[in-house]
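Residue numbers (my numbering): 13 to 226.
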């Protein structure tokens with residue numbers, strides 16, 4: 013019997029994890045086209061800039077050195093919204109992204125999988141994208157000039173690239189990804205090779221999800 017069958021919810025929540033640039037958003041978009049009656053929600057949508065109740069560690073280096081406790085990344089509104097969706101009610105997404113109706117499958121971009129305590133009983137299945145960090149970094153950098161803001165302000169894309177690299181090297185972004193991945197991989201349900209074609213990954217994931225959610 014699947015974990016989903018044991019619970020009372022009619023909503024199956026799939027957390028997709030991985031470093032920035034690992035392919036989480038691309039996989040989610042592909043799965044939305046394949047999985048019938050599915051919706052998506054993202055950890056990044058609940059950034060403290062948009063949701064005041066969200067709290068992140070101030071010093072990433074210190075956070076990593078002190079054990080990389082996932083619970084120090086607090087997103088009470090995201091937790092509340094997942095509860096609401098699992099109870100069969102709609103939510104209003106942050107950043108004016110509209111209303112999300114409850115669906116049979118919720119695709120959650122959540123870097124910690126079910127490692128954060130409030131998520132343990134909300135996430136049914138965890139998929140980790142194992143993408144080499146140098147590939148993830150290259151993907152992320154290539155995305156920057158194509159972001160809407162930098163299309164309008166192309167002169168600022170180069171400074172943004174430099175700042176991203178400085179954060180990666182000198183403000184523990186790389187160590188953050190290593191610490192989180194090491195923890196998530198121990199308890200996830202499926203690890204995927206993030207270098208493989210996205211269509212292949214999505215088809216395989218969809219088959220598995222349909223099987224385990226029955």
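The beta-carbon is built from N, C-alpha and C at its ideal position, and this holds for glycine as well.
The model shown is predicted, which means the values in this text are computed figures rather than measured ones.
Measuring straight from C-alpha to C-alpha, what distance separates residue i and residue j?
i, j, result
"residue 160", "residue 169", "11 Å"
"residue 222", "residue 200", "17 Å"
"residue 35", "residue 193", "14 Å"
"residue 5", "residue 216", "Nothing about residue 5 can be reported from this structure: the residues present for the chain run from 13 to 226 only."
"residue 116", "residue 57", "21 Å"
"residue 62", "residue 187", "26 Å"
"residue 68", "residue 59", "9 Å"
"residue 126", "residue 31", "15 Å"
"residue 109", "residue 93", "14 Å"
"residue 146", "residue 140", "17 Å"
"residue 136", "residue 162", "37 Å"
"residue 24", "residue 99", "11 Å"
"residue 84", "residue 167", "36 Å"
"residue 19", "residue 133", "Caution is warranted here: a pLDDT of 43 is assigned to residue 19, below 50, making its placement in the model unreliable, and the coordinate value is therefore given only provisionally. Cα to Cα, the separation comes out at about 9 Å."
"residue 128", "residue 196", "10 Å"
"residue 80", "residue 198", "15 Å"
"residue 164", "residue 154", "16 Å"
"residue 16", "residue 26", "Bear in mind that the predicted position of residue 16 carries a pLDDT of just 44, short of 50, making it unreliable; the figure below should be weighed with that in mind. Between residue 16 and residue 26, the C-alpha separation is close to 11 Å."
"residue 74", "residue 184", "9 Å"
"residue 210", "residue 151", "14 Å"
"residue 181", "residue 123", "20 Å"
"residue 254", "residue 77", "It is not possible to answer for residue 254, since the shown part of the chain is limited to 13 through 226."
"residue 71", "residue 37", "26 Å"
"residue 179", "residue 89", "27 Å"
"residue 14", "residue 191", "Any reading at residue 14 must be qualified, since the residue scores a pLDDT of 40, below 50, and its modelled position is unreliable; the value itself is stated next. Distance between the alpha carbons of residue 14 and residue 191: 29 Å."
Pull up the CB-CB distance for residue i and residue j, whole angstroms please, since I reckon it's below 8 Å.
i, j, result
"residue 53", "residue 156", "Not really, about 24 Å apart at Cβ, beyond 8 Å."
"residue 66", "residue 96", "So it is not a contact: roughly 17 Å between Cβ atoms."
"residue 206", "residue 143", "3 Å"
"residue 149", "residue 33", "6 Å"
Hey, could you find the ends of the beta strand (DSSP E) residue i is sitting in?
i, result
"residue 29", "24-29"
"residue 163", "Unbroken run through residue 163 is the alpha helix (DSSP H), 160-164; no beta strand (DSSP E)."
"residue 32", "Taken as a continuous stretch (DSSP letters only), residue 32 belongs to no beta strand (DSSP E), as it is neither H nor E."
"residue 50", "50-54"
List the endpoints of the continuous alpha helix (DSSP H) containing residue i.
i, result
"residue 77", "72-77"
>> Count Cβ pairs between the stretch 207-215 and the stretch 36-46 that sit closer than 8 Å; are there 3 or more?
In response: When Cβ pairs closer than 8 Å are counted between the two stretches, the stretch 207-215 is seen to touch the stretch 36-46, the count reaching three or more.
>> Ignoring anything shorter than 4 residues, give me the alpha helix (DSSP H) runs that lie fully in the stretch 94-181, in order along the chain.
In response: For the stretch 94-181, whole alpha helix (DSSP H) runs of length 4 or above, ordered along the chain, are 145-155, 160-164.
> Unbroken beta strand (DSSP E) runs of length 3 or more, entirely within the stretch 196-224: which are they?
Replying inline: Entirely contained in the stretch 196-224, the beta strand (DSSP E) runs reaching 3 residues are, in chain order, 202-205.
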